[in-house]
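Going by our numbering, the sequence shown opens with residue 17, and the numbers climb by one from there. The beta-carbon is built from N, C-alpha and C at its ideal position, and this holds for glycine as well.
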Amino acid sequence: MTKAKTAFRCRECGATAPRWEGRCHACGDWNTLVELAPTATRTAHEPATRPVQLADVPVAAGAARPSGLDELDRVLGGGVVPGSVTLLGGEPGVGKSTLLLQALTLLASTGARCLLVCGEESAAQVRIRAERLHAIVPNLWLVADADVHGVVAHVQELEPDVLAVDSVQTLADVDLPSAPGSVAQVTECTHRLVRLAKERGMATVLVGHVTKEGTLAGPRVLEHAVDTVLSFDGDRHHALRLLRAVKHRFGATGEIGLFEMGEAGLTTVADPAALLLGDRQRGVPGCVVTPVLEGARALLVEVQGLVSRIEGEVKVSPVRSAQGLDPKRLAVILAVLDARAGVNLYGAHVYASAVGGVRVSEPAIDLAVTLALVSTDRKQALPDDLVVCGEVGLAGEVRQVPQIGRRLHEAARLGFKRAVVPASTPDNGNGLELLGVDSVVDAIDVTGLKRGCAH
Ligand code: TYD
Ligand code: MG
């Protein structure tokens, strides 16, 4: 007899513990242990599988099946793999259900039998969405069911090639005591569906909500249970959506897919620059274009700064606003400007943003933010044909960034002529004039901005 030992699991890191503790022994988070459903005790007997030599393992039976949604297939490295389980995560409202329905429609129209289990919306609501997306096709079945046993039964009856569940948080196993949406429920249901997918060689897509903090509502342990984790994000107030593979057992994770949310659902973005730089005003102080990396792709993003000096004695706390940027990096940049370049913005409201609904977390954007702030403070615009790229260190030095060649190549392709870059950047002959700089002070000088205080 093997007795089930594990009784509690950490909702953050997935570590298990035999008894409840206030603090997880593995990740150190407080109050994250939740009780698991009692696992069936099992008597030791014949194992269900036997070891085979590596060379005798059959080559994966199913090749990836293209969904027909190009940007999705690009991220998946070809398409959906039979027997694979994909978790599609994203904040509520970002467009997960829309993406799923569009992909299923395209798959169904190539002859794949698709079953969509909707736990969040009624079948009628899905039909309304489908009409909006012009997605009424044969081979796409719908069922509103929240019971995992029901889902298994529907699969056995319908024998679909592709199963999609929207969302995994709404599923429950009625035999378990815990509430639907609880960690134990979501984990158990996922494991059940993973087994089903493997047994049948059926591709499975599970939608999972993530919270604002970016973790999957419910357990991070889900990410271990599935083959592929896709993350879909974007700013709800903008059209741009980014799809990336956070984990992918069947391919690389570097690719990103770009979509635009419009009246008739998601369309693939062939030219991101038109979307990101389309509304760019020229000759305006405080605006700087910088090449950022999203996965393996370089995107040109406009960074804007606005500095509003508080007149007289500073009685209010100055605003520090970072949109689409890391507020901690902004704080560092303000400190470096003061200490290393003599530009003191502490008595001013400071706003900085990455335009177009992108979120940039990489430090390669530092120098662009820095120059945007100096440019707005000096009321001097930078040249239109200039891009800026570099990380800023605490000593005020400008540091190299990963894959600078790829970034500059994209800038040159889009018609930029000059680039302010770390001094160590090699000229790889893509036609850009490189303005190499060692420090923030250098960068301010080379762009012709006045360094001395204009106030
Ligand atoms: P949805 O796919 O329901 O998001 P999720 O499943 O991630 O919660 O879509 C969310 C938003 O997208 C919704 O606010 C309406 C908008 N939308 C469009 O703008 N165009 C469309 O064609 C569709 C279907 C939705
Ligand atoms: Mg949804």
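Would you be able to state if there are at least three C-beta pairs under 8 Å between the segment 386-399 and the segment 300-307? yes
What alpha helix (DSSP H) runs, 4 residues minimum, are completely inside the segment 29-106? 86-92
How far does the beta strand (DSSP E) with V184 in it extend, from its first residue to its last? Looking up residue 184 in the sequence shown gives position 168. Neither: V184 is in no beta strand (DSSP E) and is coded neither H nor E.
By Cβ distance below 8 Å, which residues in the same chain neighbour A160 in space, the five residues on each side in sequence not counted? Within the sequence shown, numbered from 1, the residue matching residue 160 stands at position 144. V133, C134, G135, E137, S138, A139, listed in sequence order.
Less than 8 Å separating the beta-carbons of D393 and L361? As a working note, residue 393 is residue 377 in the sequence shown. As a working note, residue 361 is residue 345 in the sequence shown. For D393 and L361, yes; Cβs fall inside 8 Å.
Cβ-heavy atom distance, V110 to the ligand TYD, below 7 Å: Indexing the sequence shown from 1 puts residue 110 at position 94. V110: yes, Cβ under 7 Å from the ligand TYD.
Answer yes or no: the CB of P343 versus the heavy atoms of the ligand HEM, is any distance below 7 Å? Ligands present in the displayed structure are limited to the ligand TYD and the ligand MG, and the ligand HEM is not among them.
Less than 8 Å between the C-beta atoms of A180 and L259, yes or no? Within the sequence shown, the letter at position 164 stands for residue 180. Within the sequence shown, the letter at position 243 stands for residue 259. The answer is no: Cβ separation not under 8 Å.
Taking all protein chains shown into account, do 16 or more other C-beta atoms lie within 10 angstroms of the C-beta of C405, making it buried, or fewer, making it exposed? Along the sequence shown, read from residue 1 onward, the residue named residue 405 stands at position 389. Under this definition C405 is a buried residue.
Run the proximity test for E136: is its beta-carbon closer than 7 Å to any non-hydrogen atom belonging to the ligand MG? Reading the sequence shown from its first residue, position 120 is the one you call residue 136. It does: the Cβ of E136 is within 7 Å (strictly closer) of some heavy atom of the ligand MG.
Does the beta-carbon of A459 have 16 or more other beta-carbons within 10 angstroms, so that it is buried, or is it exposed? Here residue 459 refers to the residue found at position 443 of the sequence shown. With 16 or more other Cβ atoms within 10 Å, it is buried.
Heavy atom of the ligand MG within 7 Å of S194 beta-carbon: Walking along the sequence shown from the start, residue 194 turns up at place 178. False, no ligand heavy atom lies under 7 Å from that Cβ.
Under the rule that 16 or more other beta-carbon atoms within 10 Å means buried, what is H150, buried or exposed? For the purposes of this step, residue 150 is identified with residue 134 of the sequence shown, where counting begins at 1. Classification for H150: exposed.
Are G95 and P82 close, meaning C-beta to C-beta below 8 Å? Within the sequence shown, residue 95 is the residue found at index 79, counting from 1. Within the sequence shown, residue 82 is the residue found at index 66, counting from 1. Cβ atoms of G95 and P82: closer than 8 Å.
Could you tell me whether any non-hydrogen atom of the ligand TYD is closer than 7 Å to the CB of A139? For the purposes of this step, residue 139 is taken as residue 123 along the sequence shown, with counting starting at 1. No, the beta carbon of A139 sits no closer than 7 Å to any heavy atom of the ligand TYD.
Applying the criterion that 16 or more other CB atoms from any shown protein chain within 10 Å of the CB defines a buried residue, is L353 buried or exposed? Within the sequence shown, numbered from 1, the residue matching residue 353 stands at position 337. L353 comes out buried.
If you pair each beta-carbon of the segment 428-446 with each one of the segment 329-337, do three or more pairs fall below 8 Å? no
Where the beta strand (DSSP E) containing D191 begins and where it ends: Along the sequence shown, one-based indexing puts residue 191 at 175. Counting along the chain, D191 falls outside any beta strand (DSSP E), and DSSP gives it neither H nor E.
Use the C-beta contact count for R25: other C-beta atoms within 10 angstroms, 16 or more gives buried, fewer gives exposed. As a first step, residue 25 must be located in the sequence shown, where it is residue number 9. So R25 counts as buried.
Write down every uninterrupted run of the alpha helix (DSSP H) in the segment 111-191 whose length is 4 residues or greater and which is fully enclosed by it, in chain order. 112-125, 139-148, 164-174
From T18 to E51, what does the alpha carbon distance come to, in whole angstroms? One-based indexing of the sequence shown puts residue 18 at position 2. One-based indexing of the sequence shown puts residue 51 at position 35. For T18, the predicted structure reports a pLDDT of 46, less than 50, and the residue's modelled location is therefore unreliable. A value from the coordinates is still provided. If you take the alpha carbons of T18 and E51, they lie about 19 Å apart.
Mind pulling the alpha helix (DSSP H) runs of 4 or more residues that sit fully within the segment 320-379? 343-357
When you compare each of R129, V184, Q185, A255 to L158 by their alpha carbons, which one comes out closest? Residue mapping note: residue 158 aligns to position 142 of the sequence shown, counting from 1. Closest by alpha carbon: R129.
Per DSSP, cross-strand counterpart(s) of M218: Taking the sequence shown and counting its residues from 1, one reaches residue 218 at position 202. Looking at the DSSP assignment, M218 forms no beta bridge with any residue, so it has no partner.
Whole-angstrom C-beta distance between A435 and V403, which should lie under 8 Å: If you number the sequence shown from 1, residue 403 lands on position 387. If you number the sequence shown from 1, residue 435 lands on position 419. With a Cβ gap of about 5 Å, V403 and A435 count as contacting.
Considering D249, what are the terminal residues of the beta strand (DSSP E) in which it resides? Locating residue 249 in the sequence shown gives position 233, counting from the first residue. Counting along the chain, the beta strand (DSSP E) containing D249 begins and ends at 244-249.
Taking the alpha carbon of L117 as the reference point, which residue from V223, S194, E62, K263 has its own alpha carbon closest? Residue 117 sits at position 101 when you count from the first residue of the sequence shown. Closest option to L117, Cα to Cα, is V223.
Taking all protein chains shown into account, decide if L174 is buried (16 or more other Cβ within 10 angstroms of its Cβ) or exposed. One-based indexing of the sequence shown puts residue 174 at position 158. L174 should be labelled exposed.
Could you tell me if the beta carbon of T121 falls within a distance shorter than 7 Å of some heavy atom in the ligand TYD? Along the sequence shown, read from residue 1 onward, the residue named residue 121 stands at position 105. Every heavy atom of the ligand TYD is 7 Å or more from the Cβ of T121, so no.
Identify which residue in R422, G421, A286, L387 has its Cα closest to the Cα of V408. The sequence position of residue 408 within the sequence shown is 392, counting from 1. Nearest of R422, G421, A286, L387 to V408, Cα basis: L387.
Could you pull out every residue in the same chain whose Cβ sits closer than 8 Å to the Cβ of V153, ignoring the five residues on either side in sequence? In the sequence shown, the residue the question calls residue 153 occupies position 137. So the list reads T121, A124, S125, once near-sequence residues are dropped.
Our contact map puts T102 next to V178 with C-beta atoms below 8 Å; I'd like the distance itself, whole angstroms only. Residue 102 sits at position 86 when you count from the first residue of the sequence shown. Residue 178 sits at position 162 when you count from the first residue of the sequence shown. No, T102 and V178 are not in contact; Cβ-Cβ is about 10 Å, not under 8 Å.
State the start and end residues of the unbroken alpha helix (DSSP H) segment that holds E426. Within the sequence shown, numbered from 1, the residue matching residue 426 stands at position 410. Note, E426: alpha helix (DSSP H), 420-429.
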